[in-house]
Amino acid sequence: MKIETLLVRSGVGRDPSTGSITTPIYQASTFAHPALGQSTGFDYARTANPTRTALEEAIAALEKGEVGVAFASGMAGVMAVLALFKNGDHLIVSEDLYGGTYRVLNEIFSEQGITVSYVNTAHLEQVKDALRPNTKALFIETPTNPMMHVTDLPEAIALAKQHDLLTIVDNTFMSPYYQRPLELGADIVIHSASKYIGGHNDVVAGLVVARCSSLGEKIRFYQNAAGAILGPQDSWLLLRGVKTLALRMEKHNENALKIANWLTAHDLVEKVYYPGLETHPGYEIMKKQATGFGGMISFAVSHPDIVSTLLENVKVITFAESLGGVESLMTFPARQTHADIPEEIRNRVGVTNCLLRLSVGIEHADDLIKDLKEAFDAYQQ
Ligand SMILES: *Cc1c(COP(=O)(O)O)cnc(C)c1O
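Going by the UniProt record's numbering, the sequence shown opens with residue 1, and the numbers climb by one from there.
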């Protein structure tokens, strides 16, 4: 089945007793046992709930993995994956990384004796240089948030395999519609499903998919033991949201390309970071390993004062954190999503006081461009 069909089939046909087209919201914490030693497959809902199971099976099918696991947030999913490592282990991680992932690595896992090297994984020689005898995993975001560096996944995965490392990919920016790292040989995919998979800025959730069942069962064990499960209502919202992922991603991509080109030509814009621009250094790699470029654009304006003018004057676009929903959102990474990363590191990687990040929604591109134009005009006045 093609992915468009798989997306629409998510959760369909799972309730033969009524024929309900969608999976119902099983708002139940516990399930009756048919007899001593017997189970319907559902006992207590921390372990499994039918609505969550439908979602977990759907995401596993979409990412082509054996096991899908749904968490209360993307960060709960990241925590469950990082719990695979122990005191003495070393990880190599994309340096331009989601701020929350950086925070748990530096504030929580470092206390437990797990060390991390942050490198630009787009340059594999940096990964090679960071290898140590105790390195256990390579953790990649591609494209990165917010600098949009693109890592060559097949090459990075091959290097990881040579050194017996697990490859973990945070696939939030691309979604399984555009990029499926497990098919390229990665071991684990993480999603903040609060973003494109949910797609409507109305749910916080995380999804983890493991390529093989042994790894998947470890993550599932942690989910059941630690308990940060996704509730049935939110699982249902994801099952509903994901059905339109193909249509949404195509529109995000189409709008983002138009806006990236418009921004490139604007006098007050210094640089546009969008991997769908042919001038982007990752453009050719993206074409090999993904089927689209997504809806995320970062851009640097020519003066820090322009940042507040834009954020205060956009009207169709909302000044808000998060990304991946149908509504366009603009954020200021240095002060919001990436505020936990020290300024010196931020400036080195490019997350400066002039950088804005735009999550391009599915509105009409003309309205988004008009909105940006009027906000820029407010600065020039
Ligand atoms: C938002 C985000 C996360 C964290 O997910 P939450 O659902 O907010 O907990 C992790 N990685 C990336 C790339 C994100 O954008």
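Where a beta carbon is used, it is the ideal one built from N, C-alpha and C, also for glycine.
The alpha carbon of Thr151 has as its nearest neighbour, out of Arg240, Pro281 and Gly65, the alpha carbon of Pro281. Under the Cβ criterion (8 Å, minimum of three pairs), the region 25 to 39 does not count as touching the region 173 to 185. At the C-beta level, Lys195 and Gly324 come within 7 Å of one another.
The DSSP-derived three-state label of Glu141 is strand. With a cut-off of 8 Å on Cβ pairs, the region 275 to 294 is not in contact with the region 333 to 346, counting fewer than three such pairs. Assignment of Thr5 by DSSP, reduced to helix, strand and coil, places it in the helix class. When the beta-carbon positions are compared, Phe173 and Pro143 come within less than 7 Å of each other. Within the same chain, Cβ atoms closer than 6 Å to the Cβ of Ser73 are found at Val204 and Gly206, the five residues on either side in sequence being excluded. Checking the 6 Å criterion, the Cβ of Thr172 is within range of a heavy atom belonging to ligand 1. Cβ neighbours of Val169 within its own chain (closer than 6 Å, five residues either side excluded): Ile140, Pro181, Ala186 and Val189. With a cutoff of 6 Å, Asn145 counts as near ligand 1, since its C-beta is closer than that to a heavy atom of the ligand. Residue environment for Asp234: buried (at least 16 other C-beta atoms within 10 angstroms of its C-beta). By the criterion of a C-beta distance shorter than 6 Å, Trp262 is surrounded in its chain by Ile369, once the five residues flanking it on both sides are discounted.
Going by C-alpha positions, Thr51 is about 50 Å away from Asp267.
Rounded to whole angstroms, the separation of the alpha carbons of Pro232 and Gln27 is 6 Å. Rounded to the nearest whole angstrom, the C-alpha separation of Glu111 and Pro133 is 20 Å.
Secondary structure at Lys195: coil, using DSSP grouped into helix, strand and coil. For Asp202, the CB contacts under 7 Å within the same chain, skipping 5 residues up- and downstream, are Leu237 in chain order. If you look at Val349, you'll find it isn't in any beta strand (DSSP E); it sits in the alpha helix (DSSP H) that goes Glu343 to Val349. Around the beta carbon of Phe221, fewer than 16 other beta carbons lie within 10 angstroms, which makes this residue exposed. In this structure the region 287 to 304 lies against the region 348 to 356, because at least three pairs of beta carbons, one per stretch, are closer than 8 Å.
With a minimum length of 3 residues, the unbroken runs of beta strand (DSSP E) contained wholly in the region 84 to 108 fall at 90 to 94.
Remark: three or more beta-carbon pairs, one from each stretch, lie closer than 8 Å, so the region 250 to 259 and the region 290 to 297 are flagged as touching.
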